[in-house]
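If you read the protein sequences in the order shown, they are chains Z and Y.
Letter by letter, the first sequence follows residues 1332 to 1625 in my numbering.
Letter by letter, the second sequence follows residues 404 to 852 in my numbering.
Following: one structure in structure tokens, then a few remarks.
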Amino acid sequence: MERQLFKPRSRVFIAYLSLPVLWYLFVVVVPLVLAIRYSLYEWSGGPKMRFVGLSNYVQLIHDYDFWFSFKNNLIITLLCIIGQIGIAFILAAMMTTRVLKFKEFHRTVIFLPVVLSPVVIGFIWMLMYNQQIGILNWILRAIGLGSLVRPWLDDPKLVIYSVSVPLIWQYIGFYLVILMASLQSIPKEIFEAAEIDGADGFKRTIYVILPLLSDTLKVSIMLCIAGNMKVFDHIYVMTGGGPGKSSMVMAQYAYNNSFIMFKLGYGATISVGILVLSLAIILLSRKLMGGSEK
Amino acid sequence: MKKVILIKRVLAILVVFGLVFSLAACKRKTAQQPQQSSQNKNIEEKITLTFTHMFTNDGSAISTGFYNALNEYKKTHPNVTIKQEALSHDTYETKIKTLAAGGELPDVFVIKGSMVDPFYNNGQIAPLNDALDKDMMWKNSFVSGAFDDFKRGDKILGIPIQVQPTSLIFYNKQIFKEAGINEFPKNWNEFKDAVKKLRAKGYIPITAGNKGKWLVESCILSTLGDRFTGTDWFVSIRDRKGAKFTDPEFVNALRAIDELVKMKAFNSDINSLDNNQQRTLYYNKKAAMFFEGGWAISLVTNEAPKDVLEATELAIIPPVPGGKGKPNTVSGGAGWAFQINANLEGSKKTAALELLKALSSDAYSRPMLEKGGFPATKVTNYDESKLSTLAKKYQQLAKNIKYVPVYDVQLSPGVIEVMNSGLQDMIIGTLTPEKLAQKIQQEYEREGK
């Protein structure tokens, strides 16, 4: 009786699994195949489609704006790896010390933004950045740094960094949770031994925590790359890729082509481009980090 | 233990049942439409119309007329339930294009002139000629040229919601006086001088909000461009008869805007404010003028502080040196129109057409006009005393105005997107006017292939 409970017959097993697998096929694989099909057409969304072969891809390769937005994606990804995982790592290391009080409280507060909708975050930060009424410029004025006051989302040189900040801020908690979980699986004795050996604070972080977390960090970096290659909602709300094209990312570019310019075929081509580039970068980063097959 | 297994089985069955049921529900929803439309004749039957539009109840002239007409329609059509979705202008434009791309347009909606071609080519909207010809009173009630933005050959593909200018200059004459300018500049050079004087006095000469990307193009460039190029150039562009965006006249128009930017004529956060936020600077007397369409007349009347409202005057972009255009033209026209889904049939279609009729009736137009709006139909018996001071000032100005096409209403969405984001690029200095002209031309040629 007991055994039957925990080991269902394979028929039951397949029956239970088939639904999620079907669901996955339906929402992930089928759209992907459709996107590849659409990318071969000139199509404006209705029943009229014209087969154009690979010419959309030829256009994509020569599309300066696409590569420019790819560059922006790379900048955001790099900033997010440093910002999100870096800050999360420091916070996680602090959580293991005895100095920090109210750990539960800190963890909750840091995790809170993760569950908020990106659209809401975008709107909040848009208000914070506002030149006239924004809190950021207000603080700058209040502490006598009035010369730094500027429209943060209008300056083409700054805007890509301005839009990265909310992104970083939102997902620190996500990586903190991952890193904390992995830290908690490390036996307490190791930390105690380190403490006895005189490794505290900075030394402990570098020589004890960092090596022990390296696998988790690799996974986090991979997640971070995958997430930021398809970043869209924050930027859509805050700048829409503007001013001009200065904060354009690939997903926003695909959106603009599909729904503003009515070129759904080309939009699908861009999406396939995003997929290929993301895969390439993830593979590259795995190579660089020594892979996970050991 | 048996009990546990039993519970598990029941649960599993419930889950499967639920999934199947929800799938079936999805299916039924799609199957419903043709079924419903095939029943007809009985007018008393219950009809539900979905209606997505951009008239939030904000007290503006157009929304006053709109809701008045809608309530009237509801009274005379108790069997029709209207499911409304009201969005703001920029959001609406995005949403309707997305719905169209997915083939899920609502029963009744609003379209822009530039959406007509893609929607019509995909069979999502149909000509309204038959319906209009059946009721000549209705057809003749529109002002001349009202259908221009929605005509393709003889086919009429929309019922205009209004006919109005998209480019007026609202200026504060008190501030102008303070800067030593006693009357509105008579030509472009004087205008630039005025900008300099206002700047010297510490005012923002022109407040603008171009986050939605259309403002600079629709409210400034469309008219300024016409001053430089003349209307024939635009017609030649639209009909692909040889004119180019790289023609020196058009490039000069871009340069003129670039020059204004370099003179710091605009507020520095021009690309992160929208057109509603741009007026705030004007209301606070930090800015001397702003460019916006006729719709802003009723908004300024409602929103502006009393002293600002009293000081507000209207003008149009002055003539430019060597320009080919006439000095009294303003970009304008219908721009947007009501349309119904081409898939509607039977009594549902009748009800939808009657709704369109209601939305160009007197109940729609009169309150709109009296609030300072611009109905597309001729309104005869309205109360002139109800007009606001600003609306009266406009009526004066309008006597000499002739409308010329608005770029984003008549050009294709692709060209417009390149032009609009390119203008943002030019404003922030990452694109020169010459490069921008080339980029627009490139897109224009690619589409013409």
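We put the beta carbon where it would ideally sit given N, CA and C, even for glycine.
On the CB-based measure, 16 or more other CB atoms within 10 Å of its CB, does ASN823/Y come out buried or exposed?
Numbered from 1 along the second sequence, position 420 holds the residue referred to as residue 823/Y. Buried is the call here.
Use the C-beta contact count for TYR1355/Z: other C-beta atoms within 10 angstroms, 16 or more gives buried, fewer gives exposed.
The residue labelled residue 1355/Z in the question sits at position 24 within the first sequence. Looking at its Cβ environment, which holds fewer than 16 other Cβ atoms inside 10 Å, TYR1355/Z is exposed.
Residues of the stretch 494–518 of chain Y with a CB closer than 9 Å to any CB of chain Z: list them in chain order, please.
GLU496, THR497, LYS500, THR501, ALA503, ALA504, GLY505, GLY506, MET518
What in chain Y is Cβ-close to GLU1415/Z, meaning under 8 Å?
Position 84 of the first sequence, counting from 1, holds the residue named residue 1415/Z. For the sequence presented, residue 1415/Z should be read as Gln rather than Glu. The contacting residues do not exist; GLN1415/Z stays about 25 Å from chain Y at best.
Between which two residues does the beta strand (DSSP E) harbouring GLN742/Y extend?
The sequence position of residue 742/Y within the second sequence is 339, counting from 1. 739–743 is the extent of the beta strand (DSSP E) around GLN742/Y.
Report all residues from its chain with a CB closer than 7 Å to the CB of GLY775/Y; omit the five preceding and five following residues, and keep chain order.
In the second sequence, counting from the first residue as 1, residue 775/Y sits at position 372. Same-chain partners within the cutoff: ALA464, ILE700, SER701, THR704, LEU790, SER791, LEU793, ALA794.
Would PHE522/Y count as contacting chain Z if we go by Cβ distances under 9 Å?
Reading the second sequence from its first residue, position 119 is the one you call residue 522/Y. For PHE522/Y, the answer is yes, since a Cβ of chain Z falls inside 9 Å of its Cβ.
Relative to the alpha-carbon of ASP710/Y, which residue among ALA597/Y, LYS729/Y, TYR686/Y has its alpha-carbon at the smallest distance?
Taking the second sequence and counting its residues from 1, the one referred to as residue 710/Y is at position 307. Checking every option, the nearest Cα to that of ASP710/Y belongs to TYR686/Y.
Measuring alpha carbon to alpha carbon, tell me which of ARG643/Y, THR649/Y, LYS486/Y, LYS599/Y ends up nearest VAL664/Y.
Against the second sequence, residue 664/Y aligns to sequence position 261. Looking at the Cα atoms, LYS599/Y is the closest of the given residues.
Since I believe ILE559/Y is in contact with LEU531/Y (beta carbons under 8 Å), could you give me their beta-carbon distance rounded to a whole number of angstroms?
Against the second sequence, residue 531/Y aligns to sequence position 128. Against the second sequence, residue 559/Y aligns to sequence position 156. Going by Cβ atoms, the distance from LEU531/Y to ILE559/Y rounds to 5 Å, so yes, they are a contact pair.
Test: GLY1376/Z CB closer than 9 Å to a CB of chain Y:
The residue labelled residue 1376/Z in the question sits at position 45 within the first sequence. Closer than 9 Å: yes.
At which residues does the alpha helix (DSSP H) containing LYS580/Y begin and terminate?
Taking the first residue of the second sequence as position 1, residue 580/Y is located at position 177. Its alpha helix (DSSP H) spans residues 576–581.
Out of ILE584/Y, PHE522/Y, VAL546/Y, which one is the CA nearest neighbour of LYS604/Y?
Taking the second sequence and counting its residues from 1, the one referred to as residue 604/Y is at position 201. Checked all of ILE584/Y, PHE522/Y, VAL546/Y; the closest Cα to LYS604/Y is ILE584/Y.
Simplified DSSP assignment, three categories, for VAL511/Y:
For the purposes of this step, residue 511/Y is taken as the residue at position 108 of the second sequence. Three-state result, VAL511/Y: strand.
Provide the residue(s) that pair with ILE1517/Z in DSSP beta bridges, ordered along the chain.
Start at 1 with the first residue of the first sequence, and residue 1517/Z comes out as number 186. Paired residue(s): none; ILE1517/Z is not in a bridge.
Determine whether the beta carbon atoms of LEU712/Y and ILE572/Y lie at a separation below 9 Å.
The residue you call residue 712/Y lines up with position 309 of the second sequence. The residue you call residue 572/Y lines up with position 169 of the second sequence. No, the Cβ-Cβ distance between LEU712/Y and ILE572/Y is not below 9 Å.
Can you tell me the Cβ-Cβ gap for THR467/Y and ALA489/Y, rounded? I've got them flagged as a contact below 8 Å.
Mapped onto the second sequence, residue 467/Y falls at position 64. Mapped onto the second sequence, residue 489/Y falls at position 86. That pair is no contact at about 14 Å.
Same chain, Cβ closer than 6 Å to THR780/Y, five either side skipped, listed in chain order
Within the second sequence, numbered from 1, the residue matching residue 780/Y stands at position 377. For THR780/Y, where only same-chain residues beyond five positions count, the Cβ hits under 6 Å are SER544, PHE545, SER763, SER768.
Between GLY1377/Z and GLN742/Y, which are expected to be in contact by the criterion C-beta below 8 Å, what is the C-beta distance as a whole number of angstroms?
Position 46 of the first sequence, counted from the first residue, corresponds to residue 1377/Z. Position 339 of the second sequence, counted from the first residue, corresponds to residue 742/Y. That pair is no contact at about 15 Å.
Would you verify that the beta carbon of MET457/Y is, or is not, closer than 9 Å to some beta carbon of chain Z?
For the purposes of this step, residue 457/Y is taken as residue 54 along the second sequence, with counting starting at 1. With 9 Å as the cut-off, MET457/Y does not count as an interface residue toward chain Z.
Test: LEU1348/Z CB closer than 9 Å to a CB of chain Y:
Here residue 1348/Z refers to the residue found at position 17 when the first sequence is read from its first residue. By this cut-off, LEU1348/Z is not an interface position.
Classify PHE1344/Z as helix, strand or coil using the three-state DSSP reduction.
Residue mapping note: residue 1344/Z aligns to position 13 of the first sequence, counting from 1. Reduced to three states, the DSSP call for PHE1344/Z is helix.
Touching by the beta-carbon criterion (3+ pairs, under 8 Å), the stretch 1375–1394 of chain Z and the stretch 1527–1545 of chain Z
no
Just how far apart, CA to CA, sit VAL1586/Z and THR455/Y?
Your numbering for residue 1586/Z matches position 255 in the first sequence. Your numbering for residue 455/Y matches position 52 in the second sequence. First, the amino acid is wrong: residue 1586/Z is Tyr here, not Val. TYR1586/Z and THR455/Y: Cα-Cα distance of roughly 21 Å.
Can you tell me whether TYR1538/Z is helix, strand or coil according to DSSP?
Translated into positions along the first sequence, residue 1538/Z becomes position 207. Helix, per DSSP.
Cβ closer than 9 Å: which chain Y residues qualify as neighbours of PHE1287/Z?
Only positions 1332 to 1625 of chain Z appear in the structure, and residue 1287/Z is not among them; the question remains open.
Which residues DSSP lists as bridging HIS456/Y, in chain order:
Here residue 456/Y refers to the residue found at position 53 of the second sequence. Beta-bridge pairing links HIS456/Y to ALA489/Y.
Would you be able to state if there are at least three C-beta pairs under 8 Å between the stretch 645–658 of chain Y and the stretch 831–848 of chain Y?
yes
Output yes if chain Z places a C-beta closer than 9 Å to the C-beta of LEU571/Y; else output no.
Taking the first residue of the second sequence as position 1, residue 571/Y is located at position 168. No, no contact with chain Z.
Which runs of the beta strand (DSSP E) spanning at least 3 residues fall entirely within the stretch 602–661 of chain Y, listed in chain order?
607–610
DSSP three-state assignment for TYR1395/Z, whether helix, strand or coil
As a working mapping, residue 1395/Z is identified with position 64 in the first sequence. Helix, per DSSP.
Please tell me whether LYS1576/Z and PHE1442/Z are closer than 9 Å, where the distance is taken between their beta carbons.
In the first sequence, the residue the question calls residue 1576/Z occupies position 245. In the first sequence, the residue the question calls residue 1442/Z occupies position 111. Contact flag unset, no.
With DSSP run on the structure shown, which of helix, strand or coil describes LYS554/Y?
Translated into positions along the second sequence, residue 554/Y becomes position 151. Note: LYS554/Y maps to strand in three-state DSSP.
For the beta strand (DSSP E) containing MET692/Y, list its first residue and its last residue.
As a working mapping, residue 692/Y is identified with position 289 in the second sequence. From DSSP, the beta strand (DSSP E) with MET692/Y extends over 690–695.
Contacting residues, own chain, Cβ-Cβ under 8 Å from LYS477/Y (five flanking each side not counted)
Your numbering for residue 477/Y matches position 74 in the second sequence. Only VAL483, ILE485 meet the Cβ criterion.
Could you have a look at LYS478/Y and say whether DSSP puts it in helix, strand or coil?
Along the second sequence, read from residue 1 onward, the residue named residue 478/Y stands at position 75. Looking at LYS478/Y - three-state DSSP - the assignment turns out to be helix.
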